[in-house]
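Residue numbers (this note's numbering): 73 to 376. Built from N, CA and C at the ideal position, the CB exists for glycine as well.
Below, the structure written as structure tokens:
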């Protein structure tokens, strides 16, 4: 004989169960929320507060200055030069670092026996410490001791001051930046190529596209859209975050100023914490706008 539970009695039980499940859900989410607050939200709030003050590291008092720090940034020749150098660095690194990695991935993808070797060889720079590698490049590009200038002199040309000529500093560091991101981007493109169904290549070959370039333009390139979008966004962020090569190779001398090194100098060398906080917010806004803009622009052209 079945027992019928009145609706009026079942409703409070269901409500209690839902309340209990909600409490459990909050308990599960709480550690992640606390971590998010401690690592991201609270530091950003403190950064925003510092950016509107004249606080200096170690000072016992501070004064509210409003937007003066931001106005000072856009009239500061050092900051404007650092921004221009960073943009130039990014303009060199992003297209070459993306499309050269794609070309290498296409070459490595069809290898059978040596594919693993080339993957490891190109990925090694990603695992290396950039500070140590910058020191190696400092030796390679040395005007009198470095093998690069030795090869240039052997060919009958004058040695090149890669790290002493101000006009060559950003392009030289951009070459190092390309070398740094090339392996990681190549691995991402290899993963994208592996995910493309082989049936698509066979189908377009049967349709008459026997030229590899036609197959690449009609199948491979469109199918690599999501991977390409991700690679471009991550490479752009890495390019704007250039710091280690400048710190090791040039120490920020004239011609090599970049945004992050300018922030470092203001915040830790000159102890202008308030001004450095304002520069940091400007830097974060630039990277955020660039990333969102690239994603929205490319997402309309991507085939999922």
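Cβ pair residue i, residue j closer than 7 Å
i           : j           : result
residue 255 : residue 197 : yes
residue 186 : residue 350 : no
residue 265 : residue 291 : no
residue 166 : residue 311 : yes
residue 169 : residue 98  : no
residue 173 : residue 93  : no
residue 327 : residue 238 : yes
residue 129 : residue 345 : yes
residue 215 : residue 224 : no
residue 148 : residue 135 : no
residue 303 : residue 260 : yes
residue 320 : residue 203 : yes
Distance, residue j Cα to residue i Cα
i           : j           : result
residue 104 : residue 111 : 10 Å
residue 205 : residue 156 : 25 Å
residue 175 : residue 219 : 27 Å
residue 77  : residue 87  : Confidence in residue 77 is poor, its pLDDT being 49 and thus under 50, which makes the residue's placement too unreliable to answer from.
residue 163 : residue 188 : 31 Å
residue 115 : residue 109 : 8 Å
residue 120 : residue 335 : 15 Å
residue 267 : residue 180 : 15 Å
residue 357 : residue 289 : 35 Å
residue 73  : residue 91  : Low local confidence applies: a pLDDT of 48 at residue 73 is under 50, so the model's placement there is unreliable, and no value is given.
residue 85  : residue 102 : 26 Å
residue 143 : residue 153 : 16 Å
residue 222 : residue 190 : 28 Å
residue 363 : residue 339 : 25 Å
residue 34  : residue 329 : This structure leaves residue 34 out entirely; the chain is present only between 73 and 376.
residue 89  : residue 100 : 17 Å
residue 145 : residue 287 : 50 Å
residue 171 : residue 361 : 23 Å
residue 341 : residue 348 : 11 Å
residue 227 : residue 193 : 28 Å
residue 201 : residue 277 : 45 Å
residue 95  : residue 113 : 24 Å
residue 212 : residue 307 : 25 Å
Boundaries of the alpha helix (DSSP H) in which residue i is found, first to last residue
i           : result
residue 254 : 238-266
residue 191 : 187-199
residue 297 : 297-312
residue 163 : 149-181
residue 207 : 202-212
residue 333 : 331-336
residue 113 : Residue 113 -> no alpha helix (DSSP H), and no H or E assigned at all.
residue 379 : Residue 379 lies beyond the residue range present for the chain, which begins at 73 and ends at 376; the question has no answer from this structure.
residue 284 : 284-287
Beta bridge counterpart(s) of residue i as assigned by DSSP
i           : result
residue 125 : 136
Spatially closest choice to residue i from the options, by CA coordinates
i           : options            : result
residue 269 : 285, 296, 213, 247 : 296
residue 245 : 344, 322, 276      : 322
residue 315 : 200, 357, 182, 161 : 161
residue 301 : 365, 238, 358, 191 : 365
residue 234 : 226, 228, 227, 248 : 248
residue 309 : 107, 355, 184      : 355
residue 240 : 253, 325, 229      : 325
residue 359 : 158, 113, 89       : 158
residue 195 : 107, 285, 287, 253 : 253
residue 27  : 141, 299, 343, 369 : As shown, the chain starts at 73 and ends at 376. That puts residue 27 outside it, with no answer to give.
residue 285 : 178, 228, 332, 313 : 178
residue 150 : 332, 283, 313, 199 : 332
residue 305 : 367, 229, 343, 293 : 367
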